[in-house]
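Enquirer:
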Ligand code: PEP
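Residue numbers (the numbering used here): 1 to 256.
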């Protein structure tokens, strides 16, 4: 079963709309016309209109960093799946460790968002991963299994091809510390096994599992060459054309 690499940039709370327009033009001119590797950018909400316009006719997909589970109404500060779809959004990052840490999100509370994302014809990128304390206590596999089970409760088998998982060890995010290739593969293969228990072997083979945590153009090749690593969710290194496209190039080289 061959899964197409997905390299997604999580710009977090960086870049004004005009800065975002410039960055996406640069990324587009570098890797926007190939379709061997799926590339996505996830700018802040304020940049999404601008980036969506710039991406017209491009192979690069647009992603959001959050969504609210209700369709519309009196929910100050929130945006719905329909609003995102109207901007030609494809992916939505959900359950990111920063949202868990600073905004109180949990796997259970994110479950609603995951379900409404797929109901709204968008693809969730569901982020899971252990803290350093959990890794040191040898709890990594239990933690990710619970995050998968809780976050994906009631997820329909028929939607499975729209699901993307991002394994992001919390201790590797924005720290410059990366999981070794073997550490990443061990957890990714366990995640796929857990997905197989929930959705069946065939379905689990179709789900892309991204690695996230200080991935850069130098370490991408080793991580992406692992059999269960299907791409990357990139934070810091997605903020410049050179480093982000270097990661995309690493994926393209592995496909060549
Ligand atoms: C992230 O926040 O999803 C991430 C992987 O960040 P970084 O690449 O900066 O570690």
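Even for Gly, the Cβ is constructed at its ideal location relative to N, Cα and C.
Every value quoted in this text rests on a predicted model; they were computed, and no experiment measured them.
With a threshold of 7 Å, establish whether the CB of residue 10 neighbours any heavy atom of the ligand PEP.
Expert: Yes; taking the cut-off as 7 Å, the Cβ of residue 10 has a heavy atom of the ligand PEP nearer than that.
Enquirer: Entirely within the segment 94-121 and at least 4 residues each: give me those alpha helix (DSSP H) ranges in chain order.
Expert: Here the runs fully enclosed are 97-103 and 107-119.
Enquirer: Under the three-state reduction of DSSP, which class applies to residue 14: helix, strand or coil?
Expert: Coil at residue 14, not helix or strand.
Enquirer: Would you call residue 176 buried or exposed, if buried means 16 or more other Cβ atoms sit within 10 Å of its Cβ?
Expert: It counts as exposed.
Enquirer: Under 8 Å by Cβ, that's how I've got residue 247 and residue 232 pegged, so tell me the actual separation to the nearest angstrom.
Expert: That pair is a contact at about 6 Å.
Enquirer: DSSP three-state label for residue 38, please.
Expert: Looking at residue 38 - three-state DSSP - the assignment turns out to be strand.
Enquirer: Taking DSSP as the reference, what is the three-state secondary structure of residue 125?
Expert: Reduced to three states, the DSSP call for residue 125 is strand.
Enquirer: Could you check if residue 75 is buried or exposed, using at least 16 other CB atoms within 10 Å of its CB as the buried criterion?
Expert: The residue in question, residue 75, is exposed, as its Cβ has fewer than 16 Cβ neighbours within 10 Å.
Enquirer: Pick helix, strand or coil for residue 21, following the three-state DSSP scheme.
Expert: Correct three-state label for residue 21: helix.
Enquirer: For the beta strand (DSSP E) that contains residue 208, what are its first and last residues?
Expert: Counting along the chain, the beta strand (DSSP E) containing residue 208 begins and ends at 208-212.
Enquirer: In the structure shown, what three-state DSSP assignment does residue 163 receive?
Expert: It is coil, neither helix nor strand.
Enquirer: Residue 159 to residue 61, Cα distance in whole Å?
Expert: The alpha-carbon atoms of residue 159 and residue 61 are separated by roughly 19 Å.
Enquirer: Beta carbon of residue 71, beta carbon of residue 127: below 8 Å?
Expert: No, these two residues do not count as a Cβ contact at 8 Å.
Enquirer: Figure out for me which residue from 148, 244, 40 and 237 has the closest Cα to the Cα of residue 199.
Expert: Among 148, 244, 40 and 237, the Cα nearest to that of residue 199 is on 148.
Enquirer: For the putative contact between residue 69 and residue 138, defined by C-beta atoms under 8 Å, what is the C-beta separation to the nearest angstrom?
Expert: Residue 69 to residue 138, Cβ: 34 Å. No contact.
Enquirer: Which of the three DSSP states is assigned to residue 60 in this structure?
Expert: Three-state result, residue 60: coil.
Enquirer: Could you tell me the alpha carbon to alpha carbon distance between residue 29 and residue 59, rounded to whole angstroms?
Expert: Near 11 Å, if we compare the C-alpha coordinates of residue 59 and residue 29.
Enquirer: Say whether chain B places a C-beta atom closer than 8 Å to the C-beta of residue 192.
Expert: Of the chains in the structure shown, none is chain B; there is only one protein chain.
Enquirer: Express the C-alpha separation of residue 21 and residue 90 in angstroms, rounding to a whole number.
Expert: When rounded, the distance between both Cα atoms is 18 Å.
Enquirer: Report back the beta-carbon spacing between residue 256 and residue 214 to the nearest angstrom; my notes put them in contact at under 8 Å.
Expert: At roughly 25 Å, the Cβ-Cβ gap does not stay under 8 Å, so residue 256 and residue 214 are not in contact.
Enquirer: Thinking residue 124 and residue 87 are a contact (beta carbons under 8 Å), I'd like their distance in whole angstroms, please.
Expert: Actually they are not in contact, since the Cβ atoms of residue 124 and residue 87 sit about 17 Å apart, beyond 8 Å.
Enquirer: In whole angstroms, give me the CA-to-CA distance for residue 66 and residue 108.
Expert: So the two alpha carbons sit approximately 15 Å from each other.
Enquirer: Excluding the five sequence neighbours on either side, which residues of its own chain have a C-beta within less than 8 Å of the C-beta of residue 220, listed in chain order?
Expert: Cβ neighbours of residue 220 beyond the five flanking positions: 232, 246, 247, 250 and 251.
Enquirer: On the CB-based measure, 16 or more other CB atoms within 10 Å of its CB, does residue 43 come out buried or exposed?
Expert: Result: buried.
Enquirer: Exposed or buried, what is residue 105 when buried is set at 16 or more other beta-carbons lying within 10 Å of its beta-carbon?
Expert: Its Cβ being crowded by 16 or more others within 10 Å, residue 105 is buried.
Enquirer: What is the DSSP secondary structure of residue 90, reduced to helix, strand or coil?
Expert: Residue 90: strand per DSSP, three-state reduction.
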